[in-house]
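Asker: Residue numbers (the numbering used here), protein chains in the order written: chain A, 10 to 783; chain B, 10 to 783. From the three backbone atoms N, C-alpha and C, an ideal C-beta is built for every residue, glycine too. Before anything else, here's the structure in question.
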């Protein structure tokens, strides 16, 4: 136990003692939570779960922020990176009354504290890590790396908000966090809020020393200054009044923020403050454990210190001594209510950190003013006409949406430097790329406050978007398809957040997380193998049916309808895969609306009619073209063959209706895919995605899915398709085989066309010039 | 065209002119590659593919490094982050003769150059990005972010090697790269090689300005100094002899490296040099395009400048003028051979960057001296005996492997600070965690040169391991299961590298990439939902059958056998999922060897014998326990039911034999799963992984797979299983239902046990005390 807190700021110290005590109680106790009687073994939880190490630091900051908010009236939100320090956050939420407001059982008295202490890390109770069940939380607290990016996302377009962000020195080692320090270069002092990062250096991770813990003040100051910050070190071991030092530093930081807001002019650097907080790991725990091993300030304080209390009498005695060192009897009255001086440390009710409305962003969310599609829709006099880029069309519509939200500033586009490459450049006619640091003269469409954020970091894009959505706004993440997998694990954690938030009664629905994957693998024949990979879709398919949606609109109008529906939806993760290359159009707006509403359906105009001998199914823009071309080949080569063409725009319509809410009713599925009829399926991604989605449908062995089979390089589009057995000729040949016909001639034509591409460096006119119905 | 190259270092300038010219030729020409006749449209490639912007910078560095190697004899490898600058690397490889050595058609004369130029970005030729087909490459050059980590991995345990690493300013924005700058803190000046990063600042990505391009020298110097480097700025626009400046700076850096090696003492910082290279994007391209838009130094130079050459006469004329500005006639003789003064710029043959043996690491790989398993095997007198942690057992064996490779130093463990948490701590008795920066007094098992590297960055672990493997060494990546998804996209790219490397005749097999996923979701009931997620396995299943292997050893001896086999294999990605918690053992070593060799098999001792009414199948440690407990329940409740228990250790043994090399032969599959018999399958991960693997087997609808269905929180292990319908009772109830029996009583017992866990905070003795056969 350090004994440095000797003078001043007494109430804040007592506030911290109360929170530290309550946090420790959560980890160890299920009864006698105020230690009104001597501690006995039966008061202990049978399983000790939780992480003490980071808790005192969290409360130290929480208490300091309370003071800052009290003194300044500043609206503030706290993003807590070390989510394993949940007990500290719970303790503060209980003391500030937020817990009681949302759940009367967690009242600010002995009964409420007992309930909270019991519920923590208990089956059916509060998880050991921060999660959506905890008020004030806009960030899943388990997987480390994204707190800082999330904080920036929360601050965007909230000029009156301060988003404090505690970053653990373990989390700081992650790549995504290391990349996030540069995000101030995107923050506009005019239109955005401020982010105040606090790097919490306590020296150890689970077992190893931390990288940042081994850097001295000079190194840390140089590093963060270089990244564009004004760093301040708060070292609790080098002061006799840590609270006073923190309060002074926070006041200084707040003044610096005000100065940036007031004095910054476009073209200048906006240098915001950040804090480096050094405190011993487990600060306040006994210096040594019962075996004499160092505890405070070491890795042994990370999780449950004194883990042997159930068996070891010395450890048990040490636990009681430690818990009593907080002197709870001085902090809580006879009913277990915190004394008034502790409550006086809190900001005004509405400004308490757990209650700032942005922390339950769904309450602030307003439906977007989504522009009518009709003026943007492509005219399609007949299927196969025109030559349009689907994403270009979508870009025009998105630009209008950007204009329509100019005053509200609650819609943004986050993209890894690919907006123009993805043919969404029209958006840049309506807004700029936001960027605040000095720019080269030759930069175009870049200015502070622009509502497109482009950074070559999918992690940062995703983190920004998550923070933006969870604080009540809307957004879109256009991305090269192959590189979306970079954020697979962020998607995993965000899906968990949505799933749990849906089970919390006071959480309001937030806008859906919308991916627009384009520059899809089939048209990355120029960039090659590394740019080809449709696996992000497979990852999304592992999520709860309530959360995951996968759309593969085959042309411009279906993309418009899909995007509109996705941007109107809530609490979903919508994956939209669409092409950017100019191509033929299939459905006019009315047909597109019908087709998207159904999810999948027969394209009569492309089918021969009658009971089919074979179904040609397609999902995705390129497979749709190939399947239609295959249907043409079959008309020529096997005019007697009855062929039905089915297009699937909503992949999950293939799932059995009892497994996914979008699953087609059995009779609708049968109407597309009559039992006993072979289906040759041209699919955008890995065939496994279709197979697993179909699981539970009758007779799935008749589905022969062609898709990406990890054959790729820099080549021509047709050659890439052939490599993966997904070309029109491969599909037609498969349909011939499945209906007992000879496929030799079709495969010979394929091989000839492929050889021509290898000889000439481009696909032959027979491929590139093909038009439906011609 | 800048005109700053006015004096000195003339041969190097000419060398660069030759390479820049050849690189440009690759992008535009298919004929007349030395411009011996006036340029005509038919000399142009029909599709112009490639990225010019970064090429001159790559050659500038390549040429500079050639000089350094020539002057010092230093063995050096170059990791090129901007892999889209492949033309520059090809040009240098052709000029240094590496291409000709590996492929006589790429001879160092006009014919060879014509062949190279034609092959680039041509169907069947060289891809537009760096890839395994390119000599000297140990890093897929498409997805950005991992070059620097790979370079560090290549340098480990290679004290005589200098690994230069070019990092683009776009790539520098990625999180993984930002986190990688701290890796020197892990590099031992005594036992490791040096990494010389060169941050190439050319100001633009595809369209946007770069973050690092907007930082001035003072910011960059502070940032990298703070990260522990000695930075040197080489700005080609502020000198009239860039080559001389680069040569001087490289010499200085080399001297600094020598000084670190000589003077560094344990406990001190090892401050290595790094370079910031500023040069205009597309350096050497015309200053403006035919429309008068700025070209050199802008985003317009990123990909194919003058993209309109096919249609626009002015652009075409400008292209010829640009290409002729390199005056190829002065650089190549009548036969197209480079003049002697260019060749004189090259280092000695063996030291040329493309030929350093580490760049084809399989040639250096030696089989590991894998310790005999017998002394480490667990005694299993009968199935269900003992209580052992599988990973603890594996840790003892791995420690012996670490000892056996002490002199060779070609085996390492990379782990995100979880070695002890994953019960592999025995390894730390054989070596330390490697770390070079000053440490706190309380750190344990940490020292420079230790062969365990722990950093809280899965990206860094993966990047290090990739670099280590591809330069001929061996390694293991133990990881919390849920967080392995952080490197999904790195796995994707590495799988692509392996796939393509396997098609390159001169690439020798490298050691397999081995993941040991533990702290698996079913035993993350204490950390909660964020720590539960088996999706990494699903991602691996999307890879080529030649590459992907998935093992789920159910106990200690099967884990030993599996790890030994994985560490002996080459060119695979082996995913091993195994538990760390103490538990009953099923197979003695001999049975484990047989079972692992088969991949899957009937456990007769757990089956009732005879033709089964139902098969209970299991894959994974926890599912195996639950399935065996379910079999016990069925014996008690339905003694007439014939039950067969099948355990699957090699998941891909379930795949049809014509789809995966590990697929069981039809008769062996049938011997496990007789047609017509329902299979209740307890699976470790998402059920979709089993469904997609089974696709193509007969009558797959009879497989009823229980697994993780995204229900998770902090709770008891049994409660977590019930939430996902994977408990022994859920499995037994399903077997009863599938055989037309009543499951009410079994489900009632489940609900009672679950209620008890909620009441007491722990699982009841009926669950925790269950033993097979008791």
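#1: What do you reckon, are the CB atoms on residue 307(B) and residue 451(A) nearer than 8 angstroms?
#2: Buried or exposed, going by whether 16 or more other CB atoms sit within 10 Å of the CB of residue 777(A)?
#3: Anything in the segment 490-519 of chain B with a Cβ closer than 8 angstroms to a Cβ of chain A? List those residues in chain order, please.
#4: Residues in its own chain within less than 8 angstroms of residue 137(A) by CB, not counting five upstream and five downstream?
#5: Consider the Cβ of residue 441(B): report whether some Cβ of chain A lies at a distance smaller than 8 angstroms.
#6: Give a yes or no on whether the minimum CB-CB distance between residue 642(B) and chain A is below 8 angstroms.
#7: DSSP has residue 88(A) in a bridge; who is on the other side?
#8: In chain B, which residues lie less than 8 angstroms from residue 444(A) when you measure between Cβ atoms?
#9: Taking the straight line between their C-alpha atoms, what separation do you get for residue 384(B) and residue 598(B)?
#10: Would you say residue 39(B) faces chain A, with C-beta separation under 8 angstroms as the test?
#11: Considering only the alpha carbon of each residue, which of 691(A), 762(A), 693(A) lies closest to residue 725(A)?
#12: Any beta-carbon of chain A closer than 8 angstroms to the one on residue 388(B)?
#13: Report yes or no: is there a C-beta of chain B within less than 8 angstroms of the C-beta of residue 81(A)?
#14: In the DSSP assignment, what residue or residues form a beta bridge with residue 283(B)?
#15: Grouping DSSP H, G and I as helix and E and B as strand, with all else coil, what is residue 351(B)?
#16: Under 8 angstroms, do residue 526(A) and residue 584(A) count as touching if we go by C-beta distance?
#17: Give a yes or no on whether 8 angstroms exceeds the smallest Cβ distance from residue 11(B) to chain A.
#18: Along chain A, which residues have their Cβ under 9 angstroms away from the Cβ of residue 182(B)?
#19: DSSP puts residue 733(B) in a beta bridge; with which residues?
#20: According to DSSP, is residue 444(A) part of a helix, a strand, or is it coil?
#21: Are the segment 173-181 of chain B and the segment 199-207 of chain B touching, with three or more C-beta to C-beta distances below 8 angstroms?
#22: Give the secondary structure of residue 655(B) by DSSP, where H, G and I count as helix, E and B as strand, and everything else as coil.
#23: At the level of alpha carbons, what is the spacing between residue 348(A) and residue 140(A)?
#24: What does a CB cutoff of less than 7 angstroms around residue 489(B) pick up in its chain, not counting 5 residues either side in sequence?
#25: Does DSSP put residue 269(B) in a helix, in a strand, or in coil?
#26: So, is residue 319(A) buried or exposed, given that buried needs 16 or more other C-beta atoms within 10 angstroms?
#27: What's the C-alpha gap between residue 111(A) and residue 722(A)?
#28: Residue 628(B) bridges to which residues according to DSSP?
#29: Let me make sure I understand the geometry here. Which of 765(A), 27(A), 558(A) has the alpha-carbon closest to that of residue 698(A)?
#30: In terms of residues, what are the limits of the beta strand (DSSP E) holding residue 398(A)?
#31: Taking residue 329(B) as part of the alpha helix (DSSP H), name the residues at either end of that continuous run.
#32: Ordered along the chain, which non-local residues of its own chain (more than five positions away) have a Cβ less than 8 angstroms from that of residue 10(B)?
#33: State the Cα-Cα distance for the pair residue 590(A) and residue 532(A), rounded to the nearest angstrom.
#34: Measuring CA to CA, which of 291(B), 491(B), 147(B) is closest to residue 509(B)?
#35: Classify residue 12(B) as helix, strand or coil using the three-state DSSP reduction.
#36: So is residue 396(A) buried or exposed if we call it buried at 16+ other beta carbons inside 10 Å?
Answerer: The structure says:
#1: The residue given as residue 307(B) occupies position 298 in the second chain. The residue given as residue 451(A) occupies position 442 in the first chain. When the beta-carbon positions are compared, residue 307(B) and residue 451(A) come within less than 8 angstroms of each other.
#2: Looking up residue 777(A) in the first chain gives position 768. Classification of residue 777(A): exposed, given that the 10 Å Cβ count is below 16.
#3: Cβ proximity to chain A below 8 angstroms picks out 491, 492, 494, 495, 497, 498, 501, 502, 504, 505, 508, 509 from the segment 490-519 of chain B.
#4: Walking along the first chain from the start, residue 137(A) turns up at place 128. Within the same chain, Cβ atoms closer than 8 angstroms to the Cβ of residue 137(A) are found at 58, 59, 60, 93, 95, 129, 130, the five residues on either side in sequence being excluded.
#5: Counted from its first residue, the second chain places residue 441(B) at position 432. Closer than 8 angstroms to the CB of residue 441(B) there is not a single CB belonging to chain A.
#6: Position 633 of the second chain, counting from 1, holds the residue named residue 642(B). Not closer than 8 angstroms to any Cβ of chain A, the Cβ of residue 642(B) fails to qualify, so no.
#7: Position 79 of the first chain, counting from 1, holds the residue named residue 88(A). In the DSSP output, where bridge partners are listed per residue, residue 88(A) has 174(A).
#8: Taking the first chain and counting its residues from 1, one reaches residue 444(A) at position 435. Chain B residues near residue 444(A): 217, 218, 223.
#9: Taking the second chain and counting its residues from 1, the one referred to as residue 384(B) is at position 375. Taking the second chain and counting its residues from 1, the one referred to as residue 598(B) is at position 589. Roughly 10 angstroms separates the two Cα atoms.
#10: Counted from its first residue, the second chain places residue 39(B) at position 30. Yes - at least one Cβ of chain A is within 8 angstroms of the one on residue 39(B).
#11: Indexing the first chain from 1 puts residue 725(A) at position 716. It is 762(A).
#12: Along the second chain, read from residue 1 onward, the residue named residue 388(B) stands at position 379. Chain A contact via Cβ: absent.
#13: Indexing the first chain from 1 puts residue 81(A) at position 72. No - not a single Cβ of chain B is within 8 angstroms of the one on residue 81(A).
#14: Counting from 1 along the second chain, the entry for residue 283(B) is found at position 274. For residue 283(B), which the question treats as bridged, DSSP gives the partners 240(B).
#15: The count along the second chain starts at 1 and reaches residue 351(B) at position 342. Looking at residue 351(B) - three-state DSSP - the assignment turns out to be helix.
#16: Taking the first residue of the first chain as position 1, residue 526(A) is located at position 517. Taking the first residue of the first chain as position 1, residue 584(A) is located at position 575. Yes. Within cutoff.
#17: Within the second chain, the letter at position 2 stands for residue 11(B). Here residue 11(B) scores only 40 on pLDDT, less than 50, and its place in the model is too uncertain to base an answer on.
#18: As a working mapping, residue 182(B) is identified with position 173 in the second chain. Correct list: 188, 191, 425, 426, 464, 465, 466, 469.
#19: If you number the second chain from 1, residue 733(B) lands on position 724. Looking at the DSSP assignment, residue 733(B) forms no beta bridge with any residue, so it has no partner.
#20: Within the first chain, residue 444(A) is the residue found at index 435, counting from 1. Correct three-state label for residue 444(A): coil.
#21: Judged by Cβ distances under 8 angstroms, the segment 173-181 of chain B makes contact with the segment 199-207 of chain B, as three or more pairs qualify.
#22: Counting from one through the second chain, the residue named residue 655(B) turns up at place 646. Residue 655(B) falls in the strand class under three-state DSSP.
#23: Mapped onto the first chain, residue 348(A) falls at position 339. Mapped onto the first chain, residue 140(A) falls at position 131. So the two alpha carbons sit approximately 29 angstroms from each other.
#24: As a first step, residue 489(B) must be located in the second chain, where it is residue number 480. Only 427, 528, 540 meet the Cβ criterion.
#25: Your numbering for residue 269(B) matches position 260 in the second chain. Three-state DSSP puts residue 269(B) in a helix.
#26: Your numbering for residue 319(A) matches position 310 in the first chain. When all chains shown are included, residue 319(A) counts as exposed.
#27: By 1-based counting over the first chain, the position of residue 111(A) is 102. By 1-based counting over the first chain, the position of residue 722(A) is 713. If you take the alpha carbons of residue 111(A) and residue 722(A), they lie about 56 angstroms apart.
#28: For the purposes of this step, residue 628(B) is taken as residue 619 along the second chain, with counting starting at 1. Under the DSSP definition of a beta bridge, residue 628(B) partners with 692(B).
#29: The count along the first chain starts at 1 and reaches residue 698(A) at position 689. Looking at the Cα atoms, 558(A) is the closest of the given residues.
#30: One-based indexing of the first chain puts residue 398(A) at position 389. Unbroken beta strand (DSSP E) run through residue 398(A): 394-398.
#31: Mapped onto the second chain, residue 329(B) falls at position 320. Taken as a continuous stretch (DSSP letters only), the alpha helix (DSSP H) holding residue 329(B) covers 322-333.
#32: Stepping through the second chain from its first residue, residue 10(B) is reached at position 1. Low confidence applies to residue 10(B): its pLDDT is 38, below 50, so where it sits in the model is not reliable, and the reading given next is rough at best. Excluding sequence neighbours, residue 10(B) sits near 293, 294, 295, 296, 305, 331, 334.
#33: Here residue 590(A) refers to the residue found at position 581 when the first chain is read from its first residue. Here residue 532(A) refers to the residue found at position 523 when the first chain is read from its first residue. Going by the C-alpha atoms only, they are around 8 angstroms apart.
#34: Within the second chain, numbered from 1, the residue matching residue 509(B) stands at position 500. Selected option, being the one with the closest Cα: 147(B).
#35: Sequence index remark: in the second chain, residue 12(B) carries index 3 (1-based). Reliability fails at residue 12(B), whose pLDDT of 40 lies under 50, so the model's placement of it is uncertain and the value that follows must be treated cautiously. Residue 12(B) carries a coil assignment under DSSP once its states are collapsed to helix, strand and coil.
#36: To locate residue 396(A), count along the first chain from 1; it is residue 387. By the neighbour-count criterion, in which a residue is buried when 16 or more other Cβ atoms sit within 10 angstroms of its Cβ, residue 396(A) is exposed.
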